[in-house]
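*Asks:* In the working numbering, the protein residues as written are 71 to 345.
Ideal placement from N, C-alpha and C gives every residue a C-beta, glycine not left out.
Remember, it's a predicted structure, so these values are computed and weren't measured experimentally.
Provided herewith is a single structure, encoded as structure tokens, for subsequent inquiry.
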């Protein structure tokens, strides 16, 4: 997330944001096809779950001669964005697939640069200013970091050489066998955020087979859900997902309304042209 660059040069841990809202994170805007900022509605702990390890890497440096790796721990169903903008569950990723990467670097004068994904880069502090202003900055306007410092200890020659880092190909995906606290956030409009240098989906996306029904907000179940031909599979999936991913709430007593819901589904099916 945008932050105090001196205190948090690599970003802010998501667990420190639990309960907070109305701040902004880096995100990929699929309409504009570039990196931008979007507001976070909420951050919460979803429980303790088994996580998988995704390892990814790529060549960096001016001549792409140095190989660098990164990794992400997440639940196996968490959706990860591919380089073409589509999503895949983490567990379904295959070696060699290209991921949507958040490209950052350091210029020779020490400022952090952000790759917008449209063949352009911008100094991070200037990009944050333009976002706050809601417009492009003028050539006569000067942007400085709060304390006018570029980095805590200055830019190093190694960081300059590595400034074209481009980590984005899957190396491996494997279960860890460990259960840890896991967290999620809900991002307005773009519905994704950057985690460990790659773009992942936020909450509200359906898992596995339910993807074809689009995004579902569990807080609005069952009113926002329309299930078609194979609704006998979709409805239990959506219900189970809502209960598993969100904090305890008054139960949606769908089972008690099964007769009413089945009549509604049959009525919609009879009117459908997709039979």
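On the three-pair Cβ rule with 8 Å, is the region 103 to 112 touching the region 121 to 128?
*Replies:* Contact fails: fewer than three Cβ-Cβ distances are below 8 Å.
*Asks:* Quick one: measure Cβ to Cβ for residue 267 and residue 117, integer angstroms, because I've assumed they're closer than 8 Å.
*Replies:* The Cβ separation is near 25 Å, so there is no contact.
*Asks:* Just the Cα atoms here: how many angstroms apart are residue 341 and residue 335?
*Replies:* Cα to Cα, residue 341 sits roughly 10 Å from residue 335.
*Asks:* To which residues of the same chain is residue 148 closer than 8 Å at the C-beta, ignoring the five residues directly before and after it?
*Replies:* Taken in chain order, the residues that qualify are 159, 160, 270, 271.
*Asks:* Residues in its own chain within less than 7 Å of residue 127 by CB, not counting five upstream and five downstream?
*Replies:* So the list reads 137, 138, 139, 140, 237, 239, 241, once near-sequence residues are dropped.
*Asks:* Relative to the alpha-carbon of residue 85, which residue among 115, 264, 100, 95 has its alpha-carbon at the smallest distance?
*Replies:* The option with the nearest alpha carbon to residue 85 is 115.
*Asks:* Return the bridge partner residues of residue 167 from the DSSP annotation.
*Replies:* Note: residue 167 sits in no beta bridge, so no partner.
*Asks:* Does residue 254 pass the burial test, meaning 16 or more other C-beta atoms within 10 Å, or should it be called exposed?
*Replies:* So residue 254 counts as buried.
*Asks:* In three-state terms, what does DSSP make of residue 108?
*Replies:* Reduced to three states, the DSSP call for residue 108 is strand.
*Asks:* For residue 300, I'd like the list of residues in its chain whose CB is within less than 7 Å of its CB, leaving aside the five on either flank, ordered along the chain.
*Replies:* For residue 300, the predicted structure reports a pLDDT of 44, less than 50, and the residue's modelled location is therefore unreliable. The matter cannot be settled from this model.
*Asks:* CA-CA distance, residue 83 and residue 327?
*Replies:* Their Cα atoms are separated by approximately 42 Å.
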